[in-house]
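Contents: one structure, followed by commentary.
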Amino acid sequence: MPPGAATVRSTIRIAWQGISCHVPNTWRLESFSGNFNQGAFTIASPGSVRLDVKWRRNAPHCDLDAERRKYLSRLESDFKRRRIPFSARLDEGFEFSWKTSEAKGAGKAISFDSTVVIAQICGGPRDPVPTLASEVFGLIADHGTEDLAPWEIYGLSLLLPGQARLTANKILSGQTRLEFRIDKTDLIALRTARAHRLIEGPEADWPKSWLGREDCEIVEVEQVGDIDVYHMVGRFPLGEAIRRRSKSYCACAWLNGSDAIALMTIGPGSDTLLQEVVQRSL
């Protein structure tokens, strides 16, 4: 089977900045840029296939044909700079395709109310690019105007209020940290893979040691199905309290297989927001 030949029948959902797509379950988010209003991300297969997605919001009267032509023009200019022969074709339904001696791609311009998305799958000459494109493009969705929007990367799956905005992120091998602002409340989401290697001390206190919050208090251990959810409250050290503009926080932590997941909320309405997000995330 050629590299990247897995189809979308066995899929995961990746959702970022209100844009979601379903891809083969071996694919991973590779890079991202921009913000809620305009940005891009790339999802890569273990082989040579990748999905590029670009979006622009607040574009209610966008000419999709012009958008795909501009996108192809930029691709052509890039290949010309590298002196690689390039040929392209405009297809029906605002789709397009291109190829060179070393690669090929298929793309589509998609409109969601006031959001424009340009999606492209590219790969090597032997990769099933048209098949993958026909399956993936139909499952791309925009959640930018919904009351609840998904965020799903690297085993971290959240359903947050639509007004949540990403303020910071730190993504390393096996560790994911996302920080959001929701109205006047901050929410921090953490995920560590193979967490059993990092958990030390008494089993009942593992969330405190993992989070590095030894002074917090575990106020309840709630059983949700087969998962034990640890509910915690704590107070920040003075320096962090000044920086956070809050003296205290609420947090929940649980194990999902070998992964440790935690959510922390800071600011007005922290406890209510935390409980709502936890319930939707389990």
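Terminal number for the sequence shown in numbering that gives the first Met the number 0: 281, no gaps in between. Every residue gets a Cβ at the ideal spot worked out from N, C-alpha and C, and that includes glycine.
Whose CA, out of the options, lies closest to the CA of residue i?
i	options	result
K183	S172, T191 and R164	R164
D64	R49, E94 and A14	E94
R190	L159, G173 and W205	G173
E151	A167, Q162 and A188	A188
W26	I42, D126 and N36	I42
I117	R55, S76 and L131	R55
L155	G92, E145, D141 and I170	I170
P206	L254, A87 and L237	L254
V135	H21, I13, P124 and R279	H21
L131	L50, R80, R81 and A194	L50
T175	R193, H195 and Y153	Y153
L89	H195, A140 and Y70	Y70
K53	Q37, R68 and C61	Q37
S110	C61, R242 and D225	C61
A258	G104, H195 and A148	First, the amino acid is wrong: residue 258 is Asp here, not Ala. With distances taken between Cα atoms, D258 lies closest to H195.
W209	R12, F40, G266 and A192	A192
Give me the Cα-Cα distance between residue i and residue j, rounded to the nearest whole angstrom.
i	j	result
P59	A252	41 Å
P1	S47	Confidence in P1 is poor, its pLDDT being 43 and thus under 50, which makes the residue's placement too unreliable to answer from.
I181	I260	20 Å
S245	S9	44 Å
S72	D204	57 Å
P220	M231	It is worth fixing the name first, because residue 220 is Val in this sequence and not Pro. Going from the Cα of V220 to the Cα of M231 covers about 9 Å.
Q222	V228	6 Å
V276	L157	7 Å
P236	S100	60 Å
G3	S44	At G3 the pLDDT is 44, less than 50, meaning the model places this residue with poor confidence and gives no usable figure here.
S96	G123	13 Å
A5	N24	With a pLDDT of 44 at A5, under the threshold of 50, the modelled position of this residue cannot be trusted; read the value that follows with caution. The straight-line gap from Cα to Cα measures roughly 9 Å.
Q162	R125	42 Å
G17	Q119	18 Å
F35	T166	11 Å
Q278	E213	25 Å
T144	R82	43 Å
S269	A250	9 Å
G211	G106	46 Å
F31	E178	16 Å
D146	W15	16 Å
K98	I11	28 Å
F86	K79	A small fix is needed here, since residue 86 is Ser in this sequence, not Phe. When rounded, the distance between both Cα atoms is 11 Å.
I226	I217	16 Å
R234	I13	34 Å
What residues are listed by DSSP as bridge partners for residue i?
i	result
T10	P23
R282	Nothing about residue 282 can be read from this structure; the chain reaches only from 0 to 281.
S86	K98
T41	S30 and D51
L131	In the DSSP output, where bridge partners are listed per residue, L131 has none listed.
I170	T175
L210	Answer is none; L210 lacks a bridge partner.
Q119	D51 and G106
A192	In DSSP, A192 forms no bridge with anything.
I18	W15 and D141
F78	Answer is none; F78 lacks a bridge partner.
S156	E151
E216	V232
F111	T114
State yes or no: is the beta carbon of residue i nearer than 7 Å to at least one beta carbon in chain B?
i	result
P149	Looking at the structure shown, chain B is missing, and only one protein chain is on hand.
So residue i and residue j are in contact, right, with Cβ under 8 Å, and what is the actual spacing, rounded?
i	j	result
T271	Y248	About 14 Å; that fails the 8 Å criterion.
A108	E66	5 Å
L186	L262	7 Å
V115	C121	With 8 Å as the limit, V115 and C121 do not qualify as a contact, their Cβ atoms being about 20 Å apart.
A148	L159	6 Å
Please give the ranges of any beta strand (DSSP E) in the region 218-273, keeping only runs that are unbroken, at least 3 residues long and fully inside the region. Counting only runs of 3 or more, we get 226-234, 247-255 and 258-265.
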